[in-house]
Every structure is written in C-alpha cells, then in structure tokens.
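See structure below.
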Amino acid sequence: MGNELHASRAFNGNLADFLDSQPSIKRLRVLDDAMVGTIAAGDIITVDMGNREVDSGHCYLILSEGTVRVRRLAVSDGVLSVNADSTDKTLYPDMTIAGDSPDFAVLGRVTERQSDKGL
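This is the structure we're talking about:
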C-alpha cells in the first residue's frame, strides 16, 4: 500500500505540517490489538482526516504522547475519555484529557475497517 501510515507508531514531526500534507481520506494498517473486538492488528482502516470533531462512542486516529493510535473517544462535561476496546488495561490503559493538552490531538475519524484475514 503506497499511501499507508501505520497506526501505533511513534510520530516525531510537526503536527500542523503533517495534517496539512495529508489527503482527507487515509488508509492505515493497524499494528496493535488495543481495539481488539472492533479492530485487530493487521486490519486496514479508513480514516477521514478532515473529521476531527468528536462524536462520542466512535473510533478515532489520535496522536498521544508522540504516538499515533486508534482509540474510542467520548466527551462528557468537557472531559475527553480515550479508551481502548481491549480488556488488557495494563498494556492499553484508558485515559482522560481535561481541556487542551499539547500532548494530544484528534487526527481523524475511523470510518471503515477491512480485515487482512480474507474469507
């Protein structure tokens, strides 16, 4: 896949430059099982990079602590919940973000998943 960005990979660049240079629709291969049950390692997701407005309960591509990840987001009383679907909270801990955080950004909404397992 020539236009692929791997989710769950360290990001060491300028976020504004990254977002400005990206097509609005991106296909990415997921590298971890943080969203197991919904999205598995090896699956290919389609992300609408132009849709960064959080609609609670949906999956988003995020930048958190320098790493691009896929997580389920929810907003309640101004607090953003960032959750992995995996039950392994030691490996994939949930977190909350209150207000603006320089270490966190929503990159786009996951709109589709394709399994690499085949039929």
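By my numbering, the letter at position 48 of the sequence shown is numbered 1467, and the numbering carries on one by one without gaps.
Glycine included, each C-beta is placed from N, C-alpha and C at the ideal position.
Between residue 1454 and residue 1504, is the Cβ-Cβ spacing less than 7 angstroms?
For this step, residue 1454 is matched to residue 35 along the sequence shown. For this step, residue 1504 is matched to residue 85 along the sequence shown. Taking C-beta atoms as the reference points, residue 1454 and residue 1504 count as a pair closer than 7 angstroms.
From residue 1510 to residue 1447, what does the alpha carbon distance come to, in whole angstroms?
Working through the sequence shown from its first residue, we reach residue 1510 at position 91. Working through the sequence shown from its first residue, we reach residue 1447 at position 28. Approximately 22 angstroms, taken between the alpha carbons.
To which residues of the same chain is residue 1515 closer than 6 angstroms at the C-beta, ignoring the five residues directly before and after it?
Translated into positions along the sequence shown, residue 1515 becomes position 96. So the list reads 1498, 1500, once near-sequence residues are dropped.
Go ahead and pull the three-state DSSP assignment for residue 1450.
Walking along the sequence shown from the start, residue 1450 turns up at place 31. It is coil, neither helix nor strand.
Assuming contact is defined by CB atoms lying nearer than 7 angstroms, are residue 1529 and residue 1473 in contact in what I supplied?
Counted from its first residue, the sequence shown places residue 1529 at position 110. Counted from its first residue, the sequence shown places residue 1473 at position 54. No, they are not a contact pair.
To the nearest angstrom, report how far apart residue 1507 and residue 1463 are at their CA atoms.
Here the question's residue 1507 lines up with position 88 in the sequence shown. Here the question's residue 1463 lines up with position 44 in the sequence shown. Each residue's Cα considered, the two are about 22 angstroms apart.
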